[in-house]
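Residue numbers (the numbering used here): 225 to 575. Report on one structure; see the data block that follows.
And the structure:
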């Protein structure tokens, strides 16, 4: 395929280079004392109304001043560079319940929470459960191993760091728009095959009536925007299903090229999430990763992050094929792991 047969070079704020954007400060937002009090008061008010954190929403979680700043962050996520880091949430002073309520409430101003697993968890826990990543029914975030660059099944993914690992566990980001631009320029034939419907393993979380995998292209050009969906380990493990689309030698070469670019230090950058940091990432323009880590032997000190998958009512249009994974492509009501028999809930502890 000639380069002029592919979608055009992407020139927008989300097509960045890691070393250049990492030295900027406009993606870091430090909370002021008044904003922290506002978050704490809003969370306590909601918890007095109901102990069910999932009942919190942008209407009852009132943020008279901080809400304007969150509009700026939302704009940056959806139409800008695609990520933001909010610092100085006093999680070490607050209870788990209060920290979770603050995280959930703040997140509600960026999007609607979506279920993250077959148990209907709207509040996820990223922690080493002592599981093996090579088990096809285990998701890598439940282990201490490196995740590799991937997208989650939502418009926005949010993380709140409660505790760091003893070593490692850094967060990494790369622009999928930049990866596309690089492949378009240097490897157009390989870029072309990533518009094919690639099978990705659901890792045992299969909605009723669906295949144990979905088939969505890595690159999706729709309404003038490139949306990427990617998880290499799950693409590889989907080949265990006989009916899944077979990867050709060119598909494998293209996926290897994609991985090589994602791991290129010219493109990506690392950040260390400290206790009280909230990171939000736009999945359609960015991929995120977590380095392997060594944890503390004391279970009380284990690396632990809370996670939200958010669907923004103001998010971009997605192609219909995304409904295989997102259940719907309606902004504000799409994404997550959809199981009709799951009761939506917000557990305060892993499990």
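Glycine included, every Cβ here is placed at the ideal spot set by N, Cα and C.
Distance, residue j Cα to residue i Cα
i	j	result
residue 543	residue 509	15 angstroms
residue 266	residue 286	6 angstroms
residue 235	residue 281	35 angstroms
residue 498	residue 336	25 angstroms
residue 439	residue 477	18 angstroms
residue 288	residue 484	45 angstroms
residue 453	residue 298	21 angstroms
residue 268	residue 444	42 angstroms
residue 295	residue 465	43 angstroms
residue 247	residue 397	14 angstroms
residue 526	residue 388	7 angstroms
residue 328	residue 457	29 angstroms
residue 423	residue 242	29 angstroms
residue 418	residue 511	16 angstroms
residue 574	residue 482	33 angstroms
residue 561	residue 244	35 angstroms
residue 455	residue 479	10 angstroms
residue 416	residue 545	18 angstroms
residue 393	residue 432	35 angstroms
residue 434	residue 474	28 angstroms
residue 231	residue 317	50 angstroms
residue 463	residue 436	11 angstroms
Residue i classed as buried or exposed, judged by whether at least 16 other C-beta atoms fall within 10 angstroms
i	result
residue 225	For residue 225, the predicted model reports a pLDDT of 47, less than 50, meaning its position is unreliable; a value from the coordinates is still stated below. Exposed is the call here.
residue 451	buried
residue 461	buried
residue 254	exposed
residue 250	exposed
residue 229	exposed
residue 406	buried
residue 496	exposed
residue 339	buried
residue 567	exposed
residue 410	exposed
residue 367	buried
residue 292	exposed
residue 539	buried
residue 240	buried
residue 414	buried
residue 324	buried
residue 467	exposed
residue 346	buried
residue 273	exposed
residue 315	buried
CB of residue i within 8 angstroms of CB of residue j, strictly
i	j	result
residue 238	residue 399	yes
residue 501	residue 309	yes
residue 569	residue 344	yes
residue 304	residue 532	no
residue 429	residue 341	yes
residue 311	residue 252	yes
residue 530	residue 348	yes
residue 557	residue 535	yes
residue 528	residue 408	no
residue 559	residue 378	yes
residue 555	residue 537	yes
Residues bridged to residue i (per DSSP)
i	result
residue 495	395
residue 535	336
residue 445	450
residue 387	528
residue 437	425
residue 234	None, per the DSSP bridge assignment.
residue 379	Beta-bridge pairing links residue 379 to no other residue.
residue 350	529
Nearest to residue i (by Cα), restricted to the options the options
i	options	result
residue 380	407, 323 and 334	334
residue 427	410, 459, 407 and 499	459
residue 369	519, 424, 320 and 507	519
residue 306	446, 402 and 515	402
residue 541	302, 258, 320 and 389	302
residue 374	572, 442, 231 and 521	442
residue 263	322, 421 and 316	322
residue 471	346, 317, 505 and 420	420
residue 319	259, 351, 386 and 256	386
residue 277	326, 256 and 260	326
residue 256	487, 572, 231 and 313	313
residue 382	571, 563, 503 and 550	503
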